[in-house]
Amino acid sequence: MSNDSEYGRPVLISVIGILNILLGVFVLVLGALGVMNFSEFVQILDEALVQAEVSGITGAELCTILGAGGLVLGMIYLIVGVGFWFGWAFFWYMSLIFWVLSLIGCIIMITVSPLAGIIGAVIFAVLVYYLFRPAVKAHFKI
0 MSNDSEYGRP
10 VLISVIGILN
20 ILLGVFVLVL
30 GALGVMNFSE
40 FVQILDEALV
50 QAEVSGITGA
60 ELCTILGAGG
70 LVLGMIYLIV
80 GVGFWFGWAF
90 FWYMSLIFWV
100 LSLIGCIIMI
110 TVSPLAGIIG
120 AVIFAVLVYY
130 LFRPAVKAHF
140 KI
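Residue 57 in numbering that gives the first Met the number 0 sits at position 58 of the sequence shown; the count goes up by one each step and never skips.
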């Protein structure tokens with residue numbers, strides 16, 4: 000497998016962009032269902048609130064709040080995916096910051112869950128390393 004696709008975009012950058020776009024669409028759909036108070040979501044949240052003995056908020060209200068958050072998060076995923084696809088420099092910097100913070104979080108998580116922390120740390124370390132590859136930096140014009 001070559002490092003660059005025929006369009007000059009590194010293959011893994013294309014994969015990350017496409018996965019973000021697909022995840023964005025999925026999260027947007029879930030967010031929309033939440034805002035519309037999809038009955039299955041409301042029922043699950045009502046049961047969870049009763050089990051947790053939480054008062055002051057209904058399942059429908061919580062569903063709307065979570066749905067709105069899902070809409071925002073879905074839009075962010077879509078924008079990041081498009082940014083990776085087109086090589087917008089802002090998203091290189093944003094990803095670097097997010098992935099370094101995630102790497103630090105995974106290193107801290109090793110104390111609680113060693114296997115998950117190590118796996119996460121390796122993944123984010125590889126992603127940070129990948130951002131500094133010459134072809135990736137060229138794609139983002141860094």
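Backbone N, C-alpha and C fix where the C-beta goes; we use that ideal spot for every residue, glycine too.
As the structure is a computational prediction, the values presented were derived from the model and not from experiment.
Annotation for Ala-115: the continuous alpha helix (DSSP H) segment containing it runs 113-130. The alpha helix (DSSP H) runs of length 4 or more contained entirely in the segment 25-110 are, from start to end of the chain, 38-50, 58-85, 88-108. The beta carbons of Gly-23 and Gly-69 sit no closer together than 8 Å.
Membership of Lys-136 in the alpha helix (DSSP H) is indicated by the continuous run 133-138. With respect to the 8 Å criterion, Gly-73 and Leu-18 are not classified as neighbours on the basis of their beta carbons.
Within the model, the alpha-carbon separation for Tyr-129 versus Ser-13 is close to 13 Å.
For the pair Gly-33 and Pro-133, the Cα-to-Cα distance works out to about 42 Å. Each of Ile-106, Asn-36, Val-125 was checked against the Cα of Ile-64, and the nearest Cα belongs to Asn-36. With distances taken between CA atoms, Ile-141 lies nearest to Ala-88 out of Trp-98, Ala-88, Ser-112, Ser-38. Sequence-distant partners of Phe-83 (beyond 5 residues in either direction) whose C-beta falls short of 7 Å from its own C-beta, in its chain, are Ile-12, Ile-15, Gly-16, Asn-19, Phe-90.
Linking Leu-44 to Ala-124 through their CA atoms gives a straight-line distance of about 36 Å.
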